[in-house]
Amino acid sequence: MEKCLSAATSLAADPERRLERSKRLVEIARGAASEVRAPLLKAFRSDMVVDYKRDLHDVVTIHDKCAEATIRDFIFAHEANSAMLGEEGGQVGEGDIQWYVDPIDGTSNFASGLAFWCVSIAAVEQGEVIAGVVYDPVADLMFSADLEHAYLNGEVISSQAVDDESRATLITGYPVSRDFRLDGREAALANLCELVETFSTLRRPGSAALSIAHVAAGWADAATGFGVNSWDVAAATLILKNAGGHYEPLTLGKVPADAPDFMCPGYIATGAGANYPTLQRVARAISATRIAAATN
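If you count the sequence shown from 1, you need to add 149 to reach the numbering used here.
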């Protein structure tokens with residue numbers, strides 16, 4: 150373990166070597182995501198069995214589990230010094246590089262035949278995301294980022310949002326049934342109404358990782374969520390930031406205030422040039438209310 154920490158510290162002190170490592174890891178992530186494209190597309194819109202995890206709103210399929218196993222095997226074969234936290238299989242391995250993997254972000258869409266789901270893979274070292282991939286197999290769109298740039302199918306991308314929220318497109322899944330329980334039905338619907346009335350367009354496509362990637366590409370102006378996991382957003386945070394966008398984490402009273410961005414269960418993601426005071430006020434108020442409830 151001391152040797153691993155020493156090697157990681159040495160890399161951190163050498164920016165060129167660290168960037169080189171980042172680029173190698175993003176190539177591994179791209180390869181792992183590509184590896185599961187064919188089987189996932191074959192399963193998509195087929196007659197599949199759907200199981201449930203926490204409740205009837207949290208679905209999983211055998212294809213999630215198989216894809217995660219394939220991704221894990223690919224990563225470990227190409228980078229032995231790895232550990233991985235997957236949505237389906239939990240923590241595996243004890244390596245210096247911690248991978249966060251969601252084999253299908255948007256499983257409900259996948260199981261229903263809606264073409265808005267993705268594969269999310271991130272590499273984290275010493276608490277920092279250093280490589281990330283969000284892959285849309287249906288459209289064959291490979292969003293990725295190393296420590297230098299954000300890319301779409303290998304081409305550098307830059308985020309761009311309209312500056313006025315009244316002309317902007319917002320992506321959010323809020324509220325879901327869990328939000329009604331946490332915030333109260335009346336308050337949650339009031340929050341939604343304010344966002345609907347403020348923004349030109351509000352959409353609920355159902356995948357946090359792919360939504361944030363769309364903001365990074367300039368296809369949506371903002372996204373916000375209040376119930377994400379690390380494997381949902383770790384890759385997308387780096388892609389958005391390196392595309393010039395802004396990612397504001399919200400702790401919601403679930404993690405310490407100094408937790409890494411990707412560990413926070415809430416977020417506001419905006420494209421470059423965005424100035425959306427209503428979104429910031431509503432989202433921050435939701436977080437503040439939940440923080441207050443958690444401390445009582």
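Here a beta-carbon is modelled for each residue, glycine too, at the ideal position from N, C-alpha and C.
Residue i: first and last residue of the uninterrupted beta strand (DSSP E) it sits in
{"i": "Q247", "result": "I246 to D254"}
{"i": "T321", "result": "T318 to T321"}
{"i": "G415", "result": "G415 to T419"}
{"i": "L399", "result": "H395 to L399"}
{"i": "V282", "result": "E277 to D285"}
Nonlocal neighbours in the same chain, by C-beta distance under 7 Å from residue i, ignoring five residues either side
{"i": "V382", "result": "A357, A358, I361, F411 and Y416"}
{"i": "G255", "result": "F265, W266, C267, G355, S356 and L359"}
Pairwise C-alpha distance: residue j and residue i
{"i": "D295", "j": "A260", "result": "31 Å"}
{"i": "V209", "j": "E165", "result": "41 Å"}
{"i": "S436", "j": "T321", "result": "15 Å"}
{"i": "D200", "j": "G238", "result": "15 Å"}
{"i": "I211", "j": "A218", "result": "11 Å"}
Buried or exposed by the 16-neighbour rule on C-beta atoms within 10 Å, applied to residue i
{"i": "F268", "result": "Sequence inspection shows Val at residue 268; the Phe mentioned does not correspond to that position. Buried, because 16 or more other Cβ atoms sit within 10 Å of the Cβ of V268."}
{"i": "C342", "result": "exposed"}
{"i": "E346", "result": "exposed"}
{"i": "V431", "result": "buried"}
{"i": "P286", "result": "buried"}
Beta-carbon proximity list for residue i, same chain, < 8 Å, skipping 5 on both sides
{"i": "A216", "result": "V185, P188, L189, P252, I253 and V268"}
{"i": "H363", "result": "I320, A369 and A372"}
Nonlocal neighbours in the same chain, by C-beta distance under 6 Å from residue i, ignoring five residues either side
{"i": "Y323", "result": "F375"}
{"i": "A240", "result": "The question names Ala, but residue 240 is Gln in the sequence shown. If we look at Q240 and ignore the five residues flanking it on each side, its Cβ neighbours are L234."}
Residue i - containing alpha helix (DSSP H), residue span
{"i": "E217", "result": "I211 to H227"}
{"i": "R170", "result": "P164 to E184"}
{"i": "Q429", "result": "P426 to T444"}
{"i": "S349", "result": "First-last for S349: undefined, no H or E at that position."}
{"i": "S326", "result": "S326 to D332"}
Nearest to residue i (by Cα), restricted to the options the options
{"i": "A178", "options": "V198, D200 and F223", "result": "F223"}
{"i": "N391", "options": "L401, A441, R170 and V282", "result": "V282"}
{"i": "E176", "options": "A192, D213 and I220", "result": "I220"}
{"i": "H395", "options": "G420, C413 and S171", "result": "G420"}
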